[in-house]
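Engineer: After the C-alpha cells below, expect a handful of questions from me.
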Amino acid sequence: MSGFRRKSPEEILRSISQLRKGRLKIIIGPVSGSGKTYHMLNEGKLLKQQGLDVVICAISTMQRSETVQQTMELERVPSIHWRKDGKEFKDLPLEAILARNPEVLLVDGLAHRNRKEAKFKTRLEDIRYLMERGISIITTINVYELDGVDEIVYKRTGIRAEETVPADTLELADEVRLIDVSPETMLKRIDEGVLGDQTLPALARRGNLGILREISLRLMAEGVNDSLEKHRQELGLVGPSGAAERILVSAQYHWNGSLYVRRGQQIAKRLNGDLLVVTFVLSGRKLSKDQQMFKRSIRKLAEKINAGCKELPLPHLRKLPSMLVRYAIQNNVTRIVMGHSQKSRRQERWQGSIAGRVLRKMRNVDVFLMADRAKHEGERILPIKAKSSGGAEPFRRLSSKEIERKIETIRRGTFKIYIGAAPGAGKTYKMLQEGNSLQCKGIDVVIGLLETHGRKETAEQIGELPLVPRAKIAYRSAQLEEMDTEAVIARHPEVVLVDELAHTNVPGSRTKKRYEDVIRILESGISVISTLNVQHLESLNDAVEQLTGVRVRETVPDAILKMADEVELIDVTPQMLQQRMRDGKIYAFEKVGLALGAFFKIGNLIALRELALREIADDVDERLESWDRNTTQRGPGHRQEVIFVCVDTGPRAERLIRRGFRIAHRLKAEWYVHYVHRGAAISDADDRRLEKLRHLCERLGGRMEVSALGRHRNIGEALLQRMGEVRATQLIIGQSRRPLWYSLVKETVVHFMLRRARWIDMLIVADFERAVSEEGLQ
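All you need for our numbering is the position in the sequence shown, starting with 1, plus 979.
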C-alpha cells in the first residue's frame, strides 16, 4: 500500500479504534505455583507507582502469604463467585469493570471458562471485549493450557488441563513474559506446603517438572524467534540471525536422498533447530519411475518429521549452487546438509563441484557434507543403543579413593545461578530476595559480593542481610576492592550471595576470575547463589558478537553452568528492559541514550532473550537426559561421534574451537583440536598464539594437540593420519580464504579434505560477516 494514498473513512476509523484499544500482556509459567500471580501483582504495583490507574479482579492467591501481601496495595473490583462440582470459580463483572474504567486490569486464569449465563463463554472473550473498550490487561496462564501443547504435556507427563485457549492466543499479546522456575524450587514449595493441598500428584515428580519447564522455554523461544525475524525483515536484513539453528537439506530424488533427510533431522534435533528440505529438478525434464518413487518417499518422510519440503525448477545444472545459496539466505538457514562430491580431482578441475561452488558463494552459512558410509563402512546412519551412563557395578565394593570422592561431593555446597539475557533483567534483585527468604527460615546467609550499580530497588532488597567487607588490593597507585574470599570461608555461613560471576579480578588477586573464588567457596562446604548474563558463556561468545556486534571480553566456561545444582532464568521482555533503561533503573541517565542506541537496541534484546531461552532449555534437557534418556525433548543419541577440529593460528581459530565444543557437547561426543606446524621449530609469535588457543580448549574441557609435519608431504595428510588414529566421524574446518585462482594452482587444505576425506562427515564453518540488507543480495 502506498504511503501517500489518501485513506478511506473505514481505514481511518480502524486506525482510530486501534489507537484506543487496550494492550495485552500475558505472564506464562510451566505450572501452577511457579509465581505468575505474584509477578503480575508486582508489575501492577510498579505501574501504579508510575501514576497509572490499576485495579485487580478474579485473582487466585491460593492464600499464599507473599501473594496475598501483593494485593494489599491494589484496588479490587469484586468478582462474581459461583460453584460447580464442589469447586468455587470467579467470573469477571464486565459492566462493573467498564463503569470503573481503569487503565489497567490484572486478572488471573486466562483459560477460565465462565458460568452458563455469562455474557461470554470464556475469559479470553471477556478480555478481548474489555480491550476493545480501551482497558489494558495483564493476565496469567500455564503452558499446558494452550491448545496443542496440552496434548503434548498429557502424553509425556499425564497432566491434563481442565480448560484450554486457542493455540494462537499468545500472538494476540503485545508482550509475553515467562516465569521460569527450577524443579528443585517447585519441589521445595510443595514440601513446605506453600502450594496448599491442590497440587497435582504428577507435579511432585522431578522429571515431569523438568519436561514442563523445557516445553515452556522452547515455546517462548519460538515466539521470540518469530518477533526477531519480523524485526529483521522490517530492517531489510536477510540471512541467519545467529540466535537459532535452521538446517537445510539439499537432497535429490535418489536412493540416498532419505539418508540425507534423516541426517538433517538428527542434526536439527540435537541442535534444537528447524528443518527444511529442498530438491532441484531440471526444467522440462520428466522424472523417471525411480525418481518418482524416491520423491514420494522423501516427501512422506519430510511430512512425518515435520520438515518443510520444497521442489524448485532448475534451468541448468550449473545454476544449482547459486540457487541453493540464495534459497538458504532467504530462508535464514544456518547450515546446509548435502553429499560429498563423487567426481575425481581431474573432473572437479575441469567441471568444478557443486560443494566447491557453494563454498565459494557462501559466507554466513555453514556447509555440512555427509559421508557415504554405505560405500566406505557398509553402514548407514542409524540409531544405536548408547552405552550405559551408570558405569559402576552395583555390587562392587568402592575403593578408598572412590569413597573419598563421594564424601567430598557430599561436603560440597550447593550452587544456584540466576541467569538473564541482559543487564537490568532483575537477577541481583531476585538473588537478594531469595537470600532474605532463606534468612527468614533461620538459615545463615551473608552477602559475599554485591553490585547494585546505584539501583535503588536493588539496594532496598539488602534488608537485614550481613555483608562481608571487601578485601583491599593495591594495584599500581590505587587501592582496589574485590570479594574477600578468605573472610567468607573463615566466616563459614550456610549460604553466600555472590554477584556477577563472570567478573575478572584485580591483578594481584589469588585467582584470576570470580567464578574460581566461587569454586573455592563451594569446596569449603558453603552454598552459593550467584548471577550471570547469557552473553558471558564462553561457547556463545561468537554468537553474541554476530547478534549484537559486541565482543564480550569477560566469559565463564560452560562447565560452570553444568556445575550448578539449579539454574533459573529471569525472563524480561525487551519492552520492559528498555523502559527500565529510560527510567534510569539500569544505568545512570547520562548513559541511557548511548545504551539504547547500541547494546540495548530492541533487535539485540530480542536476540539475546531468544539465546537465553534456548540455552536454558538445552540445560534442562541435558539434566533430563542425565536422569532418564527417554524424557529428553531432543530424542535419543545416535551413532557414537568423534569430533575432530582443525585449526591454524589465524583469528578464526577460537570460533572453530567454540563451534567444535558446542557440537560435541550436543552430540555427547569426544572432541579433539589439532594443529599441524611446518618446520623444525614454532616461532615465538605462533607459540604465544597456540598457548592462548590451548587455554581456551582447557576452559571448555578439551585438549589441544600440536604435531609437526614430519614425513608427510602436506598438512592434509598429517591431519588425515591423526583423524584415522582417533576414529573421527566428523571433521570441523574453517572455510578457505584463498582466492579462486590459488585453488587452480595449488590445493588448499579444505579442498584436499573435500577430495580425500569423503569417508567422514565434514562441517565447513563459514566466515562470519555482519548481516546484509536485501539490496546487498541483488
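By construction, the Cβ of each residue, glycine as well, lies at the ideal position given by its N, Cα and C atoms.
Between which two residues does the beta strand (DSSP E) harbouring residue 1289 extend?
Structural biologist: It spans 1287-1293 - the beta strand (DSSP E) in which residue 1289 sits, taken as one unbroken run.
Engineer: State yes or no: is the C-beta of residue 1198 within less than 9 Å of the C-beta of residue 1007?
Structural biologist: A contact, by the Cβ cut-off of 9 Å.
Engineer: Could you tell me the alpha carbon to alpha carbon distance between residue 1433 and residue 1634, rounded to whole angstroms?
Structural biologist: Near 36 Å, if we compare the C-alpha coordinates of residue 1634 and residue 1433.
Engineer: Among the residues of its own chain, which have a CB less than 6 Å from the CB of residue 1191, if the five just before and after it don't count?
Structural biologist: So the qualifying residues of the chain are 1009, 1010.
Engineer: According to the neighbour-count rule (16 or more other Cβ atoms, all chains shown, within 10 Å of its Cβ), is residue 1241 buried or exposed?
Structural biologist: Residue 1241 comes out buried.
Engineer: When burial is assigned at 16 or more other CB atoms within 10 Å of the CB, is residue 1419 buried or exposed?
Structural biologist: With fewer than 16 Cβ atoms within 10 Å of its Cβ, residue 1419 is classed as exposed.
Engineer: Roughly how far, in whole angstroms, is the beta-carbon of residue 1506 from the beta-carbon of residue 1414, given that I think they are within contact range, below 8 Å?
Structural biologist: 11 Å between Cβ atoms; not a contact.
Engineer: So, are the CB atoms of residue 1318 and residue 1349 less than 9 Å apart?
Structural biologist: Yes, Cβ-Cβ distance for residue 1318 and residue 1349 is below 9 Å.
Engineer: For residue 1438 and residue 1563, what's the separation of their Cα atoms in angstroms?
Structural biologist: The alpha-carbon atoms of residue 1438 and residue 1563 are separated by roughly 14 Å.
Engineer: Locate the alpha helix (DSSP H) running through residue 1229, then write down its first and last residues.
Structural biologist: Premise fails: residue 1229 lies in the beta strand (DSSP E), 1225-1229, not in any alpha helix (DSSP H).
Engineer: On the DSSP bridge assignment, give the partners of residue 1036 in chain order.
Structural biologist: 1086.
Engineer: Between the Cα of residue 1302 and the Cα atoms of 1275, 1259, 1283, which residue gives the shortest distance?
Structural biologist: Measuring from the Cα of residue 1302, the nearest candidate turns out to be 1259.
Engineer: Across which residues does DSSP place residue 1060 in a beta bridge pair?
Structural biologist: Partner(s): 1069.
Engineer: Can you give me the start and stop residues for the beta strand (DSSP E) that residue 1762 sits inside?
Structural biologist: The requested residue 1762 is not part of the displayed model; the chain covers only 980 to 1757.
Engineer: What residue does the alpha helix (DSSP H) around residue 1149 start on, and which one ends it?
Structural biologist: 1148-1151 is the span of the alpha helix (DSSP H), which, as asked, contains residue 1149.
Engineer: Compare the C-beta of residue 1141 with all C-beta atoms of chain D and state if any pair is closer than 9 Å.
Structural biologist: Protein chain content of the structure displayed is limited to a single chain, and chain D is not contained in it.
Engineer: Give the DSSP-derived three-state secondary structure of residue 1695 in the structure shown.
Structural biologist: Residue state, collapsed to three classes: helix.
Engineer: Determine the contact status of residue 1516 and residue 1501, defining contact as a CB-CB distance below 9 Å.
Structural biologist: No.
Engineer: Please state whether the Cβ-Cβ distance between residue 1538 and residue 1621 is less than 9 Å.
Structural biologist: No, the pair does not count as a contact, with Cβ atoms beyond the cut-off.
Engineer: Per DSSP, residue 1579 is paired with what?
Structural biologist: Residue 1579 is not bridged to any residue.
Engineer: Where does residue 1042 sit, in a helix, a strand or coil, going by DSSP?
Structural biologist: In the structure shown, residue 1042 sits in coil (DSSP, three-state: anything other than H, G, I, E or B).
Engineer: Identify the continuous beta strand (DSSP E) that holds residue 1099 and give its terminal residues.
Structural biologist: Neither: residue 1099 is in no beta strand (DSSP E) and is coded neither H nor E.
Engineer: By the 10 Å Cβ neighbour count, where 16 or more other Cβ atoms means buried, how is residue 1642 classified, buried or exposed?
Structural biologist: Its Cβ being crowded by 16 or more others within 10 Å, residue 1642 is buried.
Engineer: Indicate whether residue 1462 and residue 1496 have their beta-carbon atoms separated by less than 9 Å.
Structural biologist: Yes.
Engineer: Of the residues 1487, 1035, 1169, which one's Cα is nearest the Cα of residue 1075?
Structural biologist: The shortest Cα separation from residue 1075 among 1487, 1035, 1169 belongs to 1035.
Engineer: In this structure, does DSSP put residue 1458 in helix, strand or coil?
Structural biologist: Looking at residue 1458 - three-state DSSP - the assignment turns out to be strand.
Engineer: When DSSP builds the beta bridges, which residues end up paired with residue 1396?
Structural biologist: Bridge partners of residue 1396: 1509, 1546.
Engineer: State the DSSP-derived secondary structure class of residue 1745, mapped to helix, strand or coil.
Structural biologist: Correct three-state label for residue 1745: coil.
Engineer: Could I get the ranges of all uninterrupted beta strand (DSSP E) runs contained in the stretch 1473-1521, with 3 residues as the minimum, in chain order?
Structural biologist: Within the stretch 1473-1521, the complete beta strand (DSSP E) runs of at least 3 residues are 1474-1477, 1506-1512.
Engineer: Residue 1126 lies in the alpha helix (DSSP H); which residues open and close that run?
Structural biologist: Segment: none, residue 1126 is in no alpha helix (DSSP H) and carries neither H nor E.
Engineer: If you check the beta carbons only, do residue 1705 and residue 1654 fall under 9 Å apart?
Structural biologist: Cβ distance not < 9 Å, so residue 1705 and residue 1654 don't count as in contact.
Engineer: Would you list the residues sitting across from residue 1650 in a DSSP beta bridge?
Structural biologist: Its beta-bridge partners are 1622.
Engineer: Following the continuous alpha helix (DSSP H) through residue 1684, name the residue where it begins and the one where it ends.
Structural biologist: Segment 1683-1687 is the beta strand (DSSP E) holding residue 1684; no alpha helix (DSSP H) there.
Engineer: Hey, could you find the ends of the beta strand (DSSP E) residue 1154 is sitting in?
Structural biologist: Segment 1154-1157, the beta strand (DSSP E) holding residue 1154.
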